[in-house]
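Single-structure report; data block below.
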Amino acid sequence: MDAFSGLADGFATAVTPTNLLWLMIGCLLGTLVGILPGLGPPATIAILLPLATNLEPATGLIMMAGIYYGAKYGGSTTSILLNIPGESSSVVTCLDGYEMAKKGRAGPALGMAAIASFIAGTVGVIGLTFLAPVVANLAVSFGPPEYSALMVFALLLVIMLAGESLLKGFISMLLGLLLATIGTDLFTGEQRFTGGRIELAGGFEFIAISIGLFAIGEVLVNVEQRTGRQIFKVPSKLRELLPTVKDLKDSRVAIAQGSVLGFFIGCLPGAGATVASFISYTVQKRVSKHPEEFGKGSIEGVAAPEAANNSETGGAMIPLLTLGIPGSSTGAVLLGALVLYGLNPGPLLFTDHPEVVWPIIASMYLGNVALLVMNLPMVPLFAKLLNVPYWVMYPGILLIAVVGTYSVNFSMFDVWVLLAFGLLGYVMKKIGMPPAPLLLAFVLGPIAENAVRQTLILSDNNPVIYLQRPISATLLVLAVLLLASLTLGQSRHLRRQVLEIDD
Amino acid sequence: MQRRLTLTTLIVVSALSLAACGSGSDTAEDGTTDGTTGGAPSRTEVVTHNAVGGGSDVFTRQLIKLMKESDNIDRLWPVRNIPAGDAIGAMSFLKEKSGEENYIAQMTPTWLVTPMTVQNSNVTVADMTPIAGLASEPQVVAVKAGSPLKSMNDFIAAAQADPGKLVQTGGSGTATDALTGLALQKSTGAKWKFLSFEDTGSRITAVLRGDADIVMGSAGDFSEQVRAGKMEVITILGSEKLAVFPDAPTALEQDIDVESLPLQFRGIIGAPDMPEDAVAYYQEALEKTLATDGWAEYAESEGLVTDFRDNAAFGTYLEERTEVLGGLLEDLGLRKDQ
Numbered sequence: 026m027d028a029f030s031g032l033a034d035g036f037a038t039a040v041t042p043t044n045l046l047w048l049m050i051g052c053l054l055g056t057l058v059g060i061l062p063g064l065g066p067p068a069t070i071a072i073l074l075p076l077a078t079n080l081e082p083a084t085g086l087i088m089m090a091g092i093y094y095g096a097k098y099g100g101s102t103t104s105i106l107l108n109i110p111g112e113s114s115s116v117v118t119c120l121d122g123y124e125m126a127k128k129g130r131a132g133p134a135l136g137m138a139a140i141a142s143f144i145a146g147t148v149g150v151i152g153l154t155f156l157a158p159v160v161a162n163l164a165v166s167f168g169p170p171e172y173s174a175l176m177v178f179a180l181l182l183v184i185m186l187a188g189e190s191l192l193k194g195f196i197s198m199l200l201g202l203l204l205a206t207i208g209t210d211l212f213t214g215e216q217r218f219t220g221g222r223i224e225l226a227g228g229f230e231f232i233a234i235s236i237g238l239f240a241i242g243e244v245l246v247n248v249e250q251r252t253g254r255q256i257f258k259v260p261s262k263l264r265e266l267l268p269t270v271k272d273l274k275d276s277r278v279a280i281a282q283g284s285v286l287g288f289f290i291g292c293l294p295g296a297g298a299t300v301a302s303f304i305s306y307t308v309q310k311r312v313s314k315h316p317e318e319f320g321k322g323s324i325e326g327v328a329a330p331e332a333a334n335n336s337e338t339g340g341a342m343i344p345l346l347t348l349g350i351p352g353s354s355t356g357a358v359l360l361g362a363l364v365l366y367g368l369n370p371g372p373l374l375f376t377d378h379p380e381v382v383w384p385i386i387a388s389m390y391l392g393n394v395a396l397l398v399m400n401l402p403m404v405p406l407f408a409k410l411l412n413v414p415y416w417v418m419y420p421g422i423l424l425i426a427v428v429g430t431y432s433v434n435f436s437m438f439d440v441w442v443l444l445a446f447g448l449l450g451y452v453m454k455k456i457g458m459p460p461a462p463l464l465l466a467f468v469l470g471p472i473a474e475n476a477v478r479q480t481l482i483l484s485d486n487n488p489v490i491y492l493q494r495p496i497s498a499t500l501l502v503l504a505v506l507l508l509a510s511l512t513l514g515q516s517r518h519l520r521r522q523v524l525e526i527d528d
Numbered sequence: 315m316q317r318r319l320t321l322t323t324l325i326v327v328s329a330l331s332l333a334a335c336g337s338g339s340d341t342a343e344d345g346t347t348d349g350t351t352g353g354a355p356s357r358t359e360v361v362t363h364n365a366v367g368g369g370s371d372v373f374t375r376q377l378i379k380l381m382k383e384s385d386n387i388d389r390l391w392p393v394r395n396i397p398a399g400d401a402i403g404a405m406s407f408l409k410e411k412s413g414e415e416n417y418i419a420q421m422t423p424t425w426l427v428t429p430m431t432v433q434n435s436n437v438t439v440a441d442m443t444p445i446a447g448l449a450s451e452p453q454v455v456a457v458k459a460g461s462p463l464k465s466m467n468d469f470i471a472a473a474q475a476d477p478g479k480l481v482q483t484g485g486s487g488t489a490t491d492a493l494t495g496l497a498l499q500k501s502t503g504a505k506w507k508f509l510s511f512e513d514t515g516s517r518i519t520a521v522l523r524g525d526a527d528i529v530m531g532s533a534g535d536f537s538e539q540v541r542a543g544k545m546e547v548i549t550i551l552g553s554e555k556l557a558v559f560p561d562a563p564t565a566l567e568q569d570i571d572v573e574s575l576p577l578q579f580r581g582i583i584g585a586p587d588m589p590e591d592a593v594a595y596y597q598e599a600l601e602k603t604l605a606t607d608g609w610a611e612y613a614e615s616e617g618l619v620t621d622f623r624d625n626a627a628f629g630t631y632l633e634e635r636t637e638v639l640g641g642l643l644e645d646l647g648l649r650k651d652q
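If you read the sequences in order, they're chains A and B.
Take the position in the first sequence, starting the count at 1, then add 25; the result is the number in our numbering.
Take the position in the second sequence, starting the count at 1, then add 314; the result is the number in our numbering.
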């Protein structure tokens, strides 16, 4: 069956009233789960699995997929409004989204996030529809050396997020990498730096660290300033609560490159939306006509990562549906659901069960439209939320932070971790050290470590393997070029910093 | 007016986040119908040491589904995933529930091995209440389609000819597949490398890409890849053939000492000091389910060999397996608990 007729049949199945109803339920639930920090899409789908397995396979999977990409639409909301990244892929959205909110541009930021998500989400599904068989090979061709090289590249980009001081960004990144070593070692099964605490066997909880560093740190700094005035300007005119035509024009490139990058990175199992969102952000900072606005409330800085985050969905479905290999924790849950339906996910899924696969793909086109329609009208409402006085806002943020963190593992330990990282966030803010490199390094650290160790097992500790494999060699050359451009651009700046430290 | 609206919204958002939190912890409570099965624990939850979608998680959910479909239980028991610490997290959770009747777990040999391979584990399976042994799950050995390796003995011979060059991929260094590989290397004198990956998908792509030569796992891990002609199963690491891979030779046929290899099995245990009537209830529900056609069909497609043991027999079996695995770990120098 070719893609066109498959898709046509898929639409015919997807638009039955039952399927549309469950699609809406999935998208709505996804949006809610995305907005609320804590409970993520994998946990939500897992809770709904017993219910969903009573539905027809296509219907249940349409709903579950809706939760998956719906959560990505919602994920930007708390990032922009409250500086709370609900998922690791929303960390980058905080950087410029929250700055825009502080300047009274929360509405345009939220609106742009929805529009970029819609366009990129649709691009991702188009890619899934027509490129799946071709791109599936990409997932297989990425082995440990390729992932190591990708991580070298990615960690270099992380330092670039640093803002003014390369050195402080570097220290922040190192802290993240160190924190990432805590937990169970994959290769030996050994507990590393856990002090015998079972709560640390799986490492620190990402949500606790991210909400602590970003949201709690921000609240502490603001409370200390005791200004008592509004931190946010909230325009009263509805027109100012939505993105302008100029905003859209400025973001064209960001959305386009985010869509393409997100899709291809999404195809790689394990890399995922976090890598996609911040690679797209740093690329945008490089190509933008206004790189100086990044980190200070650039609309492109919201559009690029949100686009990449959402087109990633389409890419991530490819290894899952064409090879039976899930690329993320949500993918693993969907794989489990396929097994529970008796559908045997694997290379023959498209041939054996077109009646299930194509409706899911078709529903993703419809779901993206539904999410845009659902989310845009909420933008003014959410933007006005910032109008509350600080004595309501701060306790509110603290409440959401504590409840959200607790809800991930129902663990008080995580709440203490949240508070500790809240203090660290405060200190980092005071000394001007950016928290984003720490968080991203924390996410990338385990991928990088495992990939490097796997590579060295394969090559008997001979690093030449990195140059023997074409993809990793290419990525490393790119990384070297990037490093060269970084040092050339920053050397004078860096030297001045080093001198300052010497003094 | 405006302020009231935004305040209300904020309250609604907080309430929703509380609700979301509640729905996570208390899924057990909805649909509870007390007493319909007479003396049955009313809020049963089944713990697994895998994240959602992992092998044990999917097995647990399938088992619960089969129990419900055969009316041996009256509602789908919720599954609680505690992946931290390769079963140590799951056992710590059960230990906190000592004496309670609602918490049971689906266990594998990992539950026996992990406490012996880490220092100062304060939980072991011996603390738990055995309920029932369900099945053994012979591991299968898979290669990329078209590989010159046609049996495990081919692989061992190739590894002997070229020591330290061939690659077996699998899970953590103390997982069942890793221990099997180490035991075989020890008994044959062959040497090969072991490449750890967290998830089965990455192990499959490592074989397809040619980075690894063989991978071990349960039949269900590779059956679809085999059906699609991408992989081949070259050995069943047991004494009997599996219906899913009728052409694959057994280890016994290749004169490999099956008894010395760690055996993958699945069973159910409960929280420590579980009340006897609860143990009897679970054991009976499981025994009846294992006698159904639905289970037989599922077991065949997944390569499971039904092997029911009641709580006393399963308790003895667990002690035996702990002994065997402990000896093996000691031989391999992996034992850290002594």
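All C-beta atoms in this analysis are idealised placements derived from N, C-alpha and C, irrespective of residue type, glycine included.
Treat the numbers as computed from the prediction; the structure is a model and nothing was measured.
Below 8 Å between beta carbons: does that hold for PRO372/A and LYS458/B?
no
By DSSP's criteria, PRO444/B is part of a beta bridge. Which residues make up the other side?
ILE583/B
Neighbourhood of GLY608/B by C-beta distance below 8 Å, restricted to the same chain and skipping five residues each side
LEU380, GLU383, SER384
For ILE184/A and PHE195/A, the rounded distance between their alpha carbons
6 Å
For the stretch 394-407 of chain B, list every residue whose C-beta sits within 8 Å of some C-beta in chain A, in sequence order.
ASN395, PRO397, ALA398, GLY399, ASP400, ILE402, GLY403, SER406
So with Cβ pairs under 8 Å, would you call LEU211/A a contact of chain B?
yes
Looking only at its own chain, which residues have a Cβ that is under 6 Å from the Cβ of TYR172/A, when we skip the five neighbours before and after it?
ALA476
Cβ atoms of VAL547/B and ALA605/B: under 8 Å apart, would you say?
no
Determine the contact status of ALA131/A and ALA329/A, defining contact as a CB-CB distance below 8 Å.
no
Entirely enclosed alpha helix (DSSP H) segments - the stretch 515-564 of chain B, minimum 4 residues:
533-541
When Cβ atoms are compared, which residues of the stretch 321-353 of chain A fall closer than 7 Å to chain B?
GLY349, ILE350, PRO351
Going by Cα to Cα distance, which pick from VAL481/B, MET466/B, TRP425/B is closest to GLY640/B?
TRP425/B
Taking Cβ-Cβ distances shorter than 8 Å, what residues in chain A pair up with GLU512/B?
LEU211, ASN475
Between THR347/B and the rest of its own chain, which residues show a CB-CB distance below 6 Å, the 5 nearest in sequence each way excluded?
At THR347/B, the pLDDT of 40 sits below 50, so the modelled position is not reliable; the number obtained from the coordinates is stated separately. Answer for THR347/B: no residue qualifies.
Please name the residue, chosen from MET421/B, GLU512/B, GLN453/B, that lies closest to PRO169/A on a Cα-to-Cα basis.
GLU512/B
Alpha-carbon to alpha-carbon, MET430/B and ASP624/B
25 Å
Per DSSP, which one or two residues make a beta bridge with VAL361/B?
ARG394/B, ALA419/B
Have a look at LEU642/B and ILE396/B and give me their C-alpha separation to the nearest angstrom.
27 Å
With DSSP collapsed to three states, give me the class of SER461/B.
coil
Segment contact, 8 Å Cβ cut-off, at least three pairs: the stretch 392-406 of chain A with the stretch 154-162 of chain A
no
Neighbour-count burial assignment, PHE218/A, 16 or more Cβ in a 10 Å radius:
exposed
Of all the residues that make up the stretch 388-408 of chain A, which are near chain B by a beta-carbon distance shorter than 9 Å?
LEU406, PHE407
Let me know if ALA333/A comes out buried or exposed under the rule of 16 or more other beta-carbons within 10 Å of its beta-carbon.
buried
If you run the structure through DSSP and keep just helix, strand and coil, what is LEU186/A?
coil
ILE626/B to ILE445/B span [Cα, whole Å]
Correcting the residue identity first, residue 626/B is Ala in this sequence and not Ile. So the two alpha carbons sit approximately 8 Å from each other.
Please confirm whether THR38/A and ASN393/A have their CB atoms less than 8 Å apart.
no
Beta-carbon neighbours of ASN247/A, restricted to chain B and to distances below 9 Å
Simply none; closest approach about 17 Å.
Measure how close the beta-carbons of ILE234/A and PHE446/A come, nearest whole angstrom, since I'm counting them as under 8 Å.
5 Å
Give the range of the beta strand (DSSP E) segment to which ALA623/B is assigned.
In the sequence on display, residue 623/B carries Arg and not Ala. From DSSP, the beta strand (DSSP E) with ARG623/B extends over 619-623.
Assuming THR483/B is part of the beta strand (DSSP E), what are its boundary residues?
481-484
Output the residue ranges of the alpha helix (DSSP H) runs that lie fully inside the stretch 388-425 of chain A and measure 4 residues or longer, sorted by chain position.
403-409
Assign GLY421/A to buried or exposed, taking buried as 16 or more other Cβ atoms, counted over all protein chains shown, within 10 Å of its Cβ.
buried
Given that a residue counts as buried once 16 or more other Cβ atoms are within 10 Å of its Cβ, and exposed if not, what is HIS315/A?
exposed
The stretch 486-499 of chain B in contact with the stretch 569-576 of chain B per 3-pair CB rule at 8 Å
yes
Answer with buried or exposed for GLY228/A, where buried requires no fewer than 16 other C-beta atoms within 10 angstroms of its C-beta.
buried
8 Å Cβ cutoff, THR78/A in contact with chain B
yes
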